[in-house]
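>
Chains as they are written, first to last, in my numbering: chain A, 24 to 432; chain B, 792 to 961.
(1) What did DSSP end up calling residue 73 of chain A once you bin it into helix, strand or coil?
(2) Just the Cα atoms here: how many angstroms apart are residue 50 of chain A and residue 898 of chain B?
(3) Does residue 88 of chain A come within less than 8 Å of chain B when only Cβ atoms are used?
(4) Does any residue of chain B have a CB that is nearer than 8 Å to the CB of residue 435 of chain A?
(5) Looking at residue 390 of chain A: is its Cβ nearer than 8 Å to the Cβ of residue 432 of chain A?
(6) At a Cβ threshold of 8 Å, is residue 860 of chain B touching chain A?
(7) Does residue 903 of chain B come out as helix, strand or coil in the three-state DSSP assignment?
(8) Determine the extent of the beta strand (DSSP E) in which residue 920 of chain B is found, giving its start and end residues.
(9) Check residue 871 of chain B in the structure and name its three-state DSSP category.
(10) Taking its Cβ as the centre, do 16 or more other Cβ atoms sit within 10 Å of residue 421 of chain A, making it buried, or is it exposed?
(11) Quick one: what's residue 368 of chain A bridged to in DSSP?
(12) Just to confirm, are residue 310 of chain A and residue 142 of chain A a CB contact at a threshold of 8 Å?
(13) If you draw a straight line from the alpha carbon of residue 197 of chain A to that of residue 812 of chain B, how long is it in whole angstroms?
(14) Can you grab the Cα-Cα spacing for the pair residue 185 of chain A / residue 210 of chain A, in whole Å?
(15) Determine the burial state of residue 358 of chain A: buried for a count of at least 16 other Cβ atoms within 10 Å of its Cβ, exposed for fewer.
(16) Per DSSP, what kind of secondary structure is residue 246 of chain A in: helix, strand or coil?
(17) Report the neighbours of residue 857 of chain B on chain A: residues whose CB is nearer than 9 Å to its CB, in chain order.
(18) Per DSSP, residue 419 of chain A forms a beta bridge with which residues?
(19) Just the C-alpha distance for residue 280 of chain A and residue 265 of chain A, rounded to the nearest angstrom, thanks.
(20) Strictly by DSSP, which residues pair up with residue 53 of chain A?
(21) When you compare only the Cα positions, how much space is there between residue 874 of chain B and residue 96 of chain A?
(22) Could you pull the DSSP bridge partners for residue 858 of chain B from this structure?
(23) For residue 838 of chain B, which residues in the same chain have their Cβ closer than 7 Å to its Cβ, ignoring the five residues on either side in sequence?
(24) Can you tell me the Cα-Cα spacing of residue 92 of chain A and residue 946 of chain B, whole angstroms?
(25) Using only alpha-carbon positions, find the residue among A:352, A:419, A:375, A:412 that is nearest to residue 116 of chain A.
(26) What I want to know is whether the C-beta of residue 98 of chain A ends up closer than 7 Å to one or more non-hydrogen atoms of the ligand PLP.
(27) Between which two residues does the alpha helix (DSSP H) harbouring residue 804 of chain B extend?
(28) For a cutoff of 8 Å on Cβ pairs, would you count residue 916 of chain B as touching chain A?
(29) With a threshold of 8 Å, are at least 3 pairs of Cβ atoms found where one atom belongs to the segment 122-138 of chain A and the other to the segment 269-276 of chain A?
(30) For the beta strand (DSSP E) holding residue 309 of chain A, just list the boundary residues, first then last.
(31) Just to confirm the assignment, what range does the beta strand (DSSP E) spanning residue 825 of chain B have?
(32) Answer with buried or exposed for residue 892 of chain B, where buried requires no fewer than 16 other C-beta atoms within 10 angstroms of its C-beta.
(33) In whole angstroms, what is the alpha-carbon distance linking residue 172 of chain A and residue 305 of chain A?
(34) For residue 844 of chain B, count neighbouring Cβ atoms within 10 angstroms of its own Cβ and tell me buried if that reaches 16, exposed if not.
(35) Can you round the beta-carbon distance between residue 828 of chain B and residue 882 of chain B to whole angstroms, since I take them to be within the 8 Å contact cut?
(36) Taking buried to mean at least 16 other C-beta atoms within 10 Å of its own C-beta, is residue 338 of chain A buried or exposed?
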């Protein structure tokens with residue numbers, strides 16, 4: 024059957040009585056550990072046959088109290104906590120956090136650093152969207168695209184490794200910029216990636232986008248209207264799939280995003296297919312942004328002049344009194360931080376990733392709150408799957424890209 | 792905000808004109824208009840900001856709690872970040888509550904998405920949102936009998952040396 028009927032259409036066609044298919048209502052636990060949930064979340068579903076009548080989520084299985092831990096750590100040690108929010112795109116979290124601190128201390132960032140950051144953040148966005156979209160493929164039964172795209176994601180991780188030594192939880196960059204210039208190996212890997220990836224990606228796109236089976240499975244699965252999405256404070260690709268063109272990169276440009284030419288794709292139905300399409304197009308746009316950033320890359324230092332936060336070169340620490348003092352102060356977390364209150368947001372893989380920081384001038388934040396887009400939009404999940412089938416519920420979950428780390432903080 | 796079509800002064804004067812005494816303090820840290828709103832009016836202010844045709848501040852960004860133990864009588868705070876997607880204007884509202892009776896009206900009737908944000912604030916700070924449809928803990932375990940983000944629960948000092956290493960597998 025190529026088109027799905029709504030509940031009312033079903034009823035009026037006489038297929039089922041007002042509430043039941045076979046009259047037996049069963050309770051089904053989808054999760055907490057189930058391969059189809061791609062993370063640790065539990066959904067208690069009330070099902071009638073295949074049809075979902077009611078859903079309740081339980082979250083918090085991997086809550087790690089990051090906001091509390093952050094209240095004791097020095098500022099430069101909090102970056103590692105942000106890694107573990109949305110671990111599919113850690114560099115965006117890292118850089119978003121760094122930019123929050125830079126805003127607080129009033130630090131001027133060189134243009135070159137901003138462009139370097141854009142490259143890293145867009146690579147992270149591609150990696151994030153690749154995971155999400157290839158997993159939508161897996162959940163519809165198409166495993167092939169997933170294996171190909173994960174090879175490409177590995178290449179992005181190779182590049183992160185070249186920049187910071189780590190692959191998944193990157194702790195990438197420093198307050199003020201990068202600890203060193205990108206290496207030649209990074210640039211050659213990036214050029215190779217930009218050369219090879221588009222063709223492979225087009226192949227992946229071909230496998231799914233106009234595939235009849237995939238379209239039948241995803242169109243009208245887990246839809247949400249634009250009005251409802253806004254009421255639920257959706258952001259990111261999920262909001263754009265519903266038809267609202269809100270993107271932090273355009274609305275409140277940071278890190279020189281205003282210098283680049285790119286479009287914000289929007290969907291119309293807010294269903295799984297639209298979310299998939301929006302992410303596909305964002306990957307293409309990200310590639311174009313990276314190309315532009317590489318071509319326009321200005322000359323300059325790879326970090327800002329903030330000796331209070333940016334570790335001096337090791338050689339100088341041994342030879343120079345001042346550098347030694349700064350090194351000591353940073354490592355011991357004794358850096359002076361102004362009193363203030365700042366909210367900064369970036370466009371994360373899943374939407375508006377915000378950092379609300381209150382500093383009382385101490386060595387750690389007085390309060391640091393993360394706006395975690397997953398946590399906010401996952402609320403709408405029961406509403407989106409009620410009346411749908413269990414297989415739709417699995418697809419909706421993966422296409423919303425709910426990441427357990429970001430959900431539970 | 793840089794490219795907003797509303798200015799902080801406009802919004803503040805409109806708020807002041809409409810609510811007068813209830814708007815007690817305003818600051819602009821990093822160009823973000825921050826106003827303190829009295830407990831009685833917080834729901835009305837958010838509702839008015841949402842529905843006022845000239846402002847349309849109708850996107851809820853974030854709700855969070857904060858604890859100031861020294862601020863006797865007004866120890867707990869709730870902050871609301873709101874955003875007008877039409878005007879690209881952001882505003883932060885704050886309300887302070889006493890820790891003896893930390894009750895504040897819910898805004899789940901205005902924003903469905905406030906549901907979990909308020910539950911989270913309840914979970915970590917013990918702020919009671921009256922009228923909330925399902926005010927239970929969200930991230931922590933249900934049987935927990937304290938509010939962990941309050942400042943009286945200090946984190947361990949990283950430099951202490953009196954720990955018995957046997958308990959830590961060292």
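Glycine included, each C-beta is placed from N, C-alpha and C at the ideal position.
Judging by the given coordinates:
(1) As a working mapping, residue 73 of chain A is identified with position 50 in the first chain. In the structure shown, residue 73 of chain A sits in coil (DSSP, three-state: anything other than H, G, I, E or B).
(2) Position 27 of the first chain, counting from 1, holds the residue named residue 50 of chain A. Position 107 of the second chain, counting from 1, holds the residue named residue 898 of chain B. The alpha-carbon atoms of residue 50 of chain A and residue 898 of chain B are separated by roughly 31 Å.
(3) Indexing the first chain from 1 puts residue 88 of chain A at position 65. For residue 88 of chain A, the answer is yes, since a Cβ of chain B falls inside 8 Å of its Cβ.
(4) As shown, chain A starts at 24 and ends at 432. That puts residue 435 of chain A outside it, with no answer to give.
(5) Position 367 of the first chain, counted from the first residue, corresponds to residue 390 of chain A. Position 409 of the first chain, counted from the first residue, corresponds to residue 432 of chain A. The answer is no: Cβ separation not under 8 Å.
(6) Position 69 of the second chain, counted from the first residue, corresponds to residue 860 of chain B. Output row for residue 860 of chain B: interface = no.
(7) Within the second chain, the letter at position 112 stands for residue 903 of chain B. If DSSP states are grouped into helix, strand and coil, residue 903 of chain B belongs with coil.
(8) What you label residue 920 of chain B is simply residue 129 of the second chain in a count that begins at 1. From DSSP, the beta strand (DSSP E) with residue 920 of chain B extends over 919-921.
(9) Taking the first residue of the second chain as 1, we reach residue 871 of chain B at position 80. Residue 871 of chain B falls in the strand class under three-state DSSP.
(10) Taking the first residue of the first chain as 1, we reach residue 421 of chain A at position 398. Buried is the call here.
(11) As a first step, residue 368 of chain A is located in the first chain; it is residue number 345 there, counting from the start. Answer is A:377, bridged to residue 368 of chain A.
(12) Within the first chain, numbered from 1, the residue matching residue 310 of chain A stands at position 287. Within the first chain, numbered from 1, the residue matching residue 142 of chain A stands at position 119. Going by C-beta atoms, residue 310 of chain A is not nearer than 8 Å to residue 142 of chain A.
(13) In the first chain, residue 197 of chain A corresponds to position 174, counting from 1. In the second chain, residue 812 of chain B corresponds to position 21, counting from 1. The alpha-carbon atoms of residue 197 of chain A and residue 812 of chain B are separated by roughly 45 Å.
(14) Along the first chain, one-based indexing puts residue 185 of chain A at 162. Along the first chain, one-based indexing puts residue 210 of chain A at 187. Rounded to whole angstroms, residue 185 of chain A to residue 210 of chain A spans 10 Å at the Cα level.
(15) Locating residue 358 of chain A in the first chain gives position 335, counting from the first residue. Buried, because 16 or more other Cβ atoms sit within 10 Å of the Cβ of residue 358 of chain A.
(16) Along the first chain, one-based indexing puts residue 246 of chain A at 223. Residue 246 of chain A falls in the coil class under three-state DSSP.
(17) By one-based count along the second chain, residue 857 of chain B stands at place 66. Residues of chain A passing the Cβ test: 381, 389, 390, 392.
(18) Numbered from 1 along the first chain, position 396 holds the residue referred to as residue 419 of chain A. None, per the DSSP bridge assignment.
(19) As a first step, residue 280 of chain A is located in the first chain; it is residue number 257 there, counting from the start. As a first step, residue 265 of chain A is located in the first chain; it is residue number 242 there, counting from the start. The straight-line gap from Cα to Cα measures roughly 24 Å.
(20) Here residue 53 of chain A refers to the residue found at position 30 of the first chain. The partner list for residue 53 of chain A (beta bridge, DSSP) reads A:66.
(21) Counting from one through the second chain, the residue named residue 874 of chain B turns up at place 83. Counting from one through the first chain, the residue named residue 96 of chain A turns up at place 73. Using only the alpha carbons, I get a separation of about 30 Å.
(22) Walking along the second chain from the start, residue 858 of chain B turns up at place 67. Paired residue(s): B:867.
(23) Translated into positions along the second chain, residue 838 of chain B becomes position 47. If we look at residue 838 of chain B and ignore the five residues flanking it on each side, its Cβ neighbours are 901.
(24) Counting from one through the first chain, the residue named residue 92 of chain A turns up at place 69. Counting from one through the second chain, the residue named residue 946 of chain B turns up at place 155. Distance between the alpha carbons of residue 92 of chain A and residue 946 of chain B is about 7 Å.
(25) For this step, residue 116 of chain A is matched to residue 93 along the first chain. If we check each option's Cα against that of residue 116 of chain A, A:375 comes out closest.
(26) As for the ligand PLP, it is missing from this structure, which has no ligand bound.
(27) Along the second chain, one-based indexing puts residue 804 of chain B at 13. First-last of the alpha helix (DSSP H) with residue 804 of chain B: 799-810.
(28) Locating residue 916 of chain B in the second chain gives position 125, where the first residue counts as 1. Chain A contact via Cβ: absent.
(29) no
(30) For the purposes of this step, residue 309 of chain A is taken as residue 286 along the first chain, with counting starting at 1. Unbroken run through residue 309 of chain A is the alpha helix (DSSP H), 295-319; no beta strand (DSSP E).
(31) As a first step, residue 825 of chain B is located in the second chain; it is residue number 34 there, counting from the start. That run of the beta strand (DSSP E) goes 824-828.
(32) Residue numbering aside, residue 892 of chain B sits at position 101 when the second chain is read from its first letter. Answer is exposed; the Cβ neighbour count stays below 16.
(33) Counting from one through the first chain, the residue named residue 172 of chain A turns up at place 149. Counting from one through the first chain, the residue named residue 305 of chain A turns up at place 282. Those two C-alpha atoms are separated by around 15 Å.
(34) Along the second chain, one-based indexing puts residue 844 of chain B at 53. Under this definition residue 844 of chain B is an exposed residue.
(35) Numbered from 1 along the second chain, position 37 holds the residue referred to as residue 828 of chain B. Numbered from 1 along the second chain, position 91 holds the residue referred to as residue 882 of chain B. Their Cβ separation, rounded to whole angstroms, is 11 Å, which puts residue 828 of chain B and residue 882 of chain B out of contact at 8 Å.
(36) By 1-based counting over the first chain, the position of residue 338 of chain A is 315. With fewer than 16 Cβ atoms within 10 Å of its Cβ, residue 338 of chain A is classed as exposed.
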